[in-house]
Amino acid sequence: MSEPHAQRALKPRESSFATAYVAAGSPAELCQLAVDLRHRGPVPLGEALLAAGVITEAQLEQALEAQQANPSLLLGAVLRRHGVAEEAIRAGIAFHLGVPAVNLHNWKLEPVVLSQLPATVARKYRMLPIWQEGNSLYVAMSDILDHDARDAAGVNTPLTVEPVYAPDTEIQWMLDRYYLAGVTTPVSDEDLERNIERYAEDVHAALSDPAAVTDNVIVRLADQIIAEAYRERASDIHIEPLAGQGKTLVRVRIDGEMFVRRSIPTAYRDALVSRFKVMANLNLAQHRIPQDGKILFRKTGGEPIELRVAVLPTAGGVEDVVLRILDNASALKLSELGLAGSAEDELRRLIEQPYGILLVCGPTGSGKTTTLHAVLHHLNDGSRKIWTVENPVEITQPGLRQVQVNPAAGLTFSRALRAFLRADPDVIMIGEIRDAETANAALEASLTGHLVLSTLHTNNAPESVVRLLQMGMSPVNFADALLGILAQRLVRCLCRRCREPVDADDNVLARLAHECGLGDHGPDAEGQIAAWRETYGKDGRVTLYQPRGCTRCAGTGYKGRIGLFELLPASDEVKRMIIEAAPAADLFELALEQGMTTLKQDGIDKILQGVTDLSQVLAVSRR
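With my numbering, letter number 343 in the sequence shown gets 346, and the count goes up by one each step, no holes.
So, in structure tokens, the structure goes:
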């Protein structure tokens, strides 16, 4: 994006500039604002940025001084170097050019207006038709100087395109709300309201004929909810009806955090829940017991998305629906997991062993399956026969023979595992050890010359040993078979685009040392802080980062997740303590003495690397 040069001398700012650039919330306000801006006359870019409230006078003075030193520099480029957000600069440029701004959160969109631009064009160029007046079509866009977008709008509509400014996040929010993925037919709130009576008829008909609801607004709304969540990289969708006449909330989990995405009127509640039941082939007439199913959602222009569906009766006679998105992603490499160098080397050594059992532990959603498939990706070189049994199969890899459990047909983890032993395996991956039968079958497989990989729902590596012994594993056989235990958590990463650097003073580093278990002061803490300054510092100063928020991370300051890891190799001393059935606390102390890095210590290393911050590490680790 290019922008005009700023005026070199800053003139006194008129008070009207500060109040003229407001965001219109309706067509009438937009019309009046456009007239006011035309009569206002030109505003220098520097004054426009001040009037829009996106920079301070001190920032503008610094930028103008930098321009004087190098006249070829654009004002926007200088301000970006001073940390001013891209979206803020775009808002100022729009004001500078006399382009009105709109508040899309308060805007009522009409289907006839939305239909003036194809959905594919609107999504590609991130613009939104919001109002038509005569032969003029007002189109909201974030980058007013994006001539490709304006040309595309002009080519795809016979109307005259009038650009208006709106933040990129608002435009994307409205695109996700009013357009289905790849479908040109928009869905508006008014469209939904006009069809309330028809929803009830469709649901009633669905009780006897599910095909009767395939072409109504509820169908499109359900598809839109799934499509939006998939685009946002959500792992789960929660449909949460309130009892009585309360609305139904739609929330999604993104990078481990829950976000509200919709509030749906009560009249749609039963129809929407029934639609998801129809999609998952569940019993529409059953409302008193939980039901589980699967949906194969076909998105436009790509592979189908598989969703695991759970419907649960809740207080007040309503039903919640939770949909887990099972995206068939490709397996990561071991080097992409985020393991520290020493831990990665040790893990590689363990999985190169010809037989034994390696466990990955952590709570639901901590990335255990992703880690196991990274291990399988490393082992899957064509020289080994690899069998997996999973529920469900979330990641597929060529070369693996993958089986999905089916309890209704009698195909359980333990039964599949025993079948694998007759199918000439080298490596066996078990999705989860959840009972004594599976645990003992896994132990038997590892003791008969096979490498066994599995997961366990425990908090840390030492607790996993105690849990398996409680399941009835023989301490002697388990100690003989165990290669190691990897505990892990997922922590949110700071957005690389907008994270803000801060100097870590002595108090901050002392806090990190304390969280590492070294105390606030003393030789251990002082030695660790000195090592951090040497490893991560520059001229003795350590820089950490904190979240700010931008369009890329939807204003949260975080984007993506990375693993925290705690690897406990099965040393001779560890095996001896397993045979003696030592408590988890004693195993943990021994592991620390042997140099194990805890989850929290690994998290603090990632804080010092600028990947995350302390609040995120403390949210997922205790020790």
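Backbone N, C-alpha and C define an ideal beta-carbon position, used for all residues, glycine too.
Query: How big is the Cα-Cα spacing for Leu621 and Lys603?; Result: 7 Å
Query: Tell me, please, which residues DSSP counts as bridged to Pro465.; Result: Paired residue(s): none; Pro465 is not in a bridge.
Query: Enumerate in chain order the residues of its own chain whose CB-to-CB distance from Leu567 is below 6 Å, with the five nearest sequence positions on each side excluded.; Result: Arg492, Val494, Leu602, Asp605, Gly606
Query: Roughly how many whole angstroms lie between the Cα atoms of Ile242 and Ala230?; Result: 14 Å
Query: Where does His241 fall in DSSP's three states?; Result: strand
Query: Using only alpha-carbon positions, find the residue among Leu100, Ile257, Trp535 that is nearest to Glu235.; Result: Ile257
Query: Which residues in the same chain have their Cβ closer than 6 Å to the Cβ of Trp390, if we skip the five residues on either side of it in sequence?; Result: Arg404, Phe423, Pro428, Ile431
Query: Taking the straight line between their C-alpha atoms, what separation do you get for Ala69 and Leu48?; Result: 15 Å
Query: Who are the Cβ neighbours of Leu472 in its own chain at under 8 Å, not counting the five residues just before and after it?; Result: Pro478, Phe481, Ile581, Ala584
Query: Comparing C-alpha positions only, which one of Asn106, Glu60, Asp542 sits nearest to Val87?; Result: Glu60
Query: Give me whichever residues DSSP pairs with Tyr561 in a beta bridge.; Result: Leu497
Query: Could you give the first and the last residue of the continuous alpha helix (DSSP H) run that contains Gln400?; Result: No alpha helix (DSSP H) contains Gln400, which DSSP labels as neither H nor E.
Query: Rounded to whole angstroms, what's the CA-CA distance from Ser467 to Leu590? Just pull it up for me.; Result: 11 Å
Query: Quick one: grab the DSSP three-state call for Tyr548.; Result: strand
Query: Using a 10 Å radius around the Cβ and a threshold of 16 neighbouring Cβ atoms, would you call Glu260 buried or exposed?; Result: exposed
Query: Looking only at C-alpha atoms, which of Val124, Leu361, Arg254, Ile433 sits nearest to Val396?; Result: Ile433
Query: Once DSSP output is grouped into helix, strand and coil, what is the label at Val87?; Result: coil
Query: For Lys541, which residues does DSSP report across the bridge?; Result: Arg544
Query: For Ala169, which residues from the same chain have a beta carbon less than 6 Å from its beta carbon, with the 5 sequence-adjacent residues on both sides left out?; Result: Val105, Leu107, Ala143
Query: Please state if the CB of Ile298 and the CB of Leu310 are separated by a distance shorter than 8 Å.; Result: yes
Query: Which residue or residues does DSSP assign as beta-bridge partners of Lys297?; Result: Arg311
Query: Report buried or exposed for Gly341, applying the criterion of at least 16 other Cβ atoms within 10 angstroms of its Cβ.; Result: buried
Query: So what does Met130 bridge to, in DSSP terms?; Result: Met144
Query: Tell me, which residues are paired with Gly487 by DSSP?; Result: Leu361, Pro572
Query: To the nearest angstrom, how far is it from the Cα of Glu596 to the Cα of Ala442?; Result: 29 Å
Query: For Thr251, tell me which candidate among Ile267, Ser238, Val263 has the shortest Cα-Cα distance.; Result: Ile267
Query: Could you tell me the boundaries of the alpha helix (DSSP H) in which Glu447 lies?; Result: 439-450
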